[in-house]
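Per UniProt numbering, residue 1 is the first one in the sequence shown, and the count goes up by one each step.
Yeah, the Cβ is synthetic: ideal placement off N, Cα and C, and Gly gets one too.
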Amino acid sequence: MKLGIVGLGRMGGNIARRLMDAGHECAVFDTSDDARQALQKDGADSADSLKALVERLPAPRSIWLMLPAGDITESTISQLSDLLEPGDTLIEGGNAFFKDDVRRARELGDKDLHYVDVGVSGGVWGRERGYCLMIGGEKDVVDRLDPIFQTLAPGTGDIEKTPGREGARFDGRAEEGYLHCGPAGSGHFVKMVHNGIEYGMMQAYAEGFDILKNRNLETLPEGERYELDLADIAELWRRGSVISSWLLDLTSIALSEDHELEQYSGQVNDSGEGRWTIEAAIEEAVPANVLTSALFTRFRSRSDNTYGEKLLSAMRQQFGGHVETPVPPAD
Numbered sequence: 001m002k003l004g005i006v007g008l009g010r011m012g013g014n015i016a017r018r019l020m021d022a023g024h025e026c027a028v029f030d031t032s033d034d035a036r037q038a039l040q041k042d043g044a045d046s047a048d049s050l051k052a053l054v055e056r057l058p059a060p061r062s063i064w065l066m067l068p069a070g071d072i073t074e075s076t077i078s079q080l081s082d083l084l085e086p087g088d089t090l091i092e093g094g095n096a097f098f099k100d101d102v103r104r105a106r107e108l109g110d111k112d113l114h115y116v117d118v119g120v121s122g123g124v125w126g127r128e129r130g131y132c133l134m135i136g137g138e139k140d141v142v143d144r145l146d147p148i149f150q151t152l153a154p155g156t157g158d159i160e161k162t163p164g165r166e167g168a169r170f171d172g173r174a175e176e177g178y179l180h181c182g183p184a185g186s187g188h189f190v191k192m193v194h195n196g197i198e199y200g201m202m203q204a205y206a207e208g209f210d211i212l213k214n215r216n217l218e219t220l221p222e223g224e225r226y227e228l229d230l231a232d233i234a235e236l237w238r239r240g241s242v243i244s245s246w247l248l249d250l251t252s253i254a255l256s257e258d259h260e261l262e263q264y265s266g267q268v269n270d271s272g273e274g275r276w277t278i279e280a281a282i283e284e285a286v287p288a289n290v291l292t293s294a295l296f297t298r299f300r301s302r303s304d305n306t307y308g309e310k311l312l313s314a315m316r317q318q319f320g321g322h323v324e325t326p327v328p329p330a331d
C-alpha cells in the first residue's frame with residue numbers, strides 16, 4: 001500500500017521507515033526540510049506541502065498524522081479535509097483526546113471522509129520492536145488498512161499463547177499486537193488508560209528503587225544499613241521475577257549507564273493522557289487511587305525532587321526519548 005505520513009519526528013519517521021522496510025510506499029511531509037530529506041534518503045516520496053502530498057497518493061487516499069495533540073493537529077486536519085476527496089481516510093496516530101476523535105469523525109463524515117484514531121505504544125524503539133496499536137473507527141475502513149497495521153505491529157514473536165484464548169470470540173489480531181477496539185475514539189481511549197497505568201507502574205518502580213537507595217542512611221541502625229547496587233538489582237529482577245517488564249528492562253539500561261542518574265533533574269513532565277485518565281475515572285465514578293497519586297507526584301516533582309523522580313525521568317527518556325523540560329522558578 002501507499003500511505004501518506006504527516007509529522008516525521010521520533011515516532012512518525014520510524015513508522016514510515018518500518019513500513020518501507022516491509023515494502024510499503026510512503027509519501028511524507030513535515031515542516032522541517034531536514035526531516036523530509038532524511039526520509040527521502042531512506043526511500044520515501046517527499047512532498048513540500050500538504051497539497052503536494054495529497055497529489056502523490058492514489059485514491060482512496062490514506063494519510064497518517066503523527067503530530068503533537070492540540071492546535072497543530074486541528075489545523076492540519078482542517079487543511080487536509082479541504083484537499084481530500086470523498087472516500088479518503090485520515091488516520092490520527094498522535095496522543096489525541098478521545099472526545100476530540102468523536103467530534104472529528106462526525107465533522108469529517110459530513111464531508112464523506114473517514115477518520116481512524118490509533119493509539120500507538122512503542123516509543124523510539126518501534127522501528128525495531130514494532131508498535132502496539134489500539135485502533136478506533138469504522139470496521140470496513142480499519143479492515144482495508146489492515147496491511148498497514150499488521151506491518152507496524154510487533155507480531156506474535158516468542159510470547160506464549162495465553163491459555164483459554166482458543167475460539168472464535170477472541171480477536172486474533174490482539175496476539176499480534178494490534179486491535180480494532182471499536183468506533184471512533186475507542187482507540188485513543190484505550191491508549192489513554194494504557195498511559196495512565198504506565199504512570200502507576202513507573203511510580204511503583206521509582207518508589208521501590210528510592211527505598212533501596214536510601215538504605216544506607218546514617219540515621220538507620222549501623223547493622224541495618226546496606227550499600228546496594230541498584231543496576232545489579234534491576235538486572236536481577238528482569239530475570240524470573242514477577243515484576244519483570246519492559247519498563248524494568250529500560251530501568252536497567254538507565255542505571256547501567258548512569259548509576260546516580262546525575263543527568264536528570266527529577267522534574268517529571270506529564271503528556272496529558274494521565275490527566276485524561278483521571279478525568280474519565282471521575283466521570284465513571286471509578287476509584288483510581290494509584291493512578292491519581294502517580295499523576296500528582298509528577299506535579300510535585302517540579303518543585304522538589306527525589307532519586308525516584310530522577311528514575312521516572314530516566315524511564316521516560318529510555319522509552320520515548322523524552323527530554324526534561326526545565327521548569328521556570330516561581331515568582
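In whole angstroms, give me the CA-to-CA distance for residue i and residue j.
i, j, result
"F170", "G182", "14 Å"
"T73", "I91", "11 Å"
"L133", "N95", "12 Å"
"D158", "I77", "39 Å"
"D30", "F209", "40 Å"
"T162", "S265", "41 Å"
"G223", "L217", "11 Å"
"E284", "R36", "43 Å"
"E175", "E160", "10 Å"
"V286", "D229", "39 Å"
"Y307", "G9", "30 Å"
"P329", "G321", "In this predicted model, P329 has a pLDDT of only 47, less than 50, meaning its place in the structure is not dependable enough to derive any value."
"S81", "R215", "58 Å"
"F115", "D71", "For the sequence presented, residue 115 should be read as Tyr rather than Phe. Distance between the alpha carbons of Y115 and D71 is about 18 Å."
"residue 336", "E257", "Residue 336 is absent from the structure shown; the chain starts at 1 and stops at 331."
"R300", "G167", "48 Å"
"L291", "A206", "14 Å"
"R225", "T219", "9 Å"
"L53", "A47", "5 Å"
"R61", "I253", "41 Å"
"M1", "S303", "49 Å"
Please determine, among the options, the residue with the shortest C-alpha to C-alpha distance to residue i.
i, options, result
"E273", "G266, G321, L113, R298", "R298"
"M20", "P221, A281, E107, Q40", "Q40"
"Q150", "D100, E166, L179", "L179"
"L67", "S293, L83, R127, V6", "V6"
"L57", "G126, Q79, L84, G70", "L84"
"T251", "E279, W64, L312", "L312"
"M192", "R165, D100, D258", "D100"
"I197", "D71, D82, S293, G137", "S293"
"W64", "P221, L152, R165, L236", "L152"
"D249", "F319, E128, R18, V323", "F319"
"F97", "S81, D140, A234, A69", "A69"
"R18", "Q317, E107, I135, P154", "P154"
"residue 336", "S49, A16, T156", "Since the displayed the chain opens at 1 and closes at 331, residue 336 lies outside it and no answer follows."
"A280", "Y115, G177, H194, G93", "H194"
"N269", "R238, Q317, I243, T277", "Q317"
"K51", "D42, Q79, G43", "Q79"
Just to check my reading of the structure: residue i and residue j have Cβ atoms closer than 8 Å, yes? What is that Cβ distance to the nearest angstrom?
i, j, result
"Q263", "N305", "That pair is no contact at about 13 Å."
"D45", "A59", "Between A59 and D45 the Cβ distance is about 16 Å, and since that is not below 8 Å, they are no contact."
"D112", "G87", "7 Å"
"G13", "A38", "7 Å"
"M11", "G126", "6 Å"
"H188", "G137", "Not a contact, Cβ separation roughly 11 Å."
"Y199", "L295", "6 Å"
"L255", "A234", "5 Å"
"S130", "G177", "Before going further, note that residue 130 is Gly rather than Ser in the sequence given. Confirmed, about 6 Å."
"A16", "A105", "Actually they are not in contact, since the Cβ atoms of A16 and A105 sit about 24 Å apart, beyond 8 Å."
Does any heavy atom of the ligand GTP sit closer than 6 Å to the C-beta of residue i?
i, result
"S293", "In the structure shown, the ligand GTP is absent, as is every other ligand, since no ligand is present at all."
What does DSSP give as the partner residues of residue i in its beta bridges?
i, result
"E279", "For E279, which the question treats as bridged, DSSP gives no partner whatsoever."
"S46", "V28"
"H180", "I135"
"V6", "F29, L65"
Checklist entry - Taking the runs of the beta strand (DSSP E) that are 3 residues or longer, which of them lie wholly in the stretch 83-134? => result 89-92, 114-121
Checklist entry - Which runs of the beta strand (DSSP E) spanning at least 3 residues fall entirely within the stretch 203-248, listed in chain order? => result none
Item to check | Every unbroken beta strand (DSSP E) inside the stretch 140-175 [3 residues or more] | outcome: none
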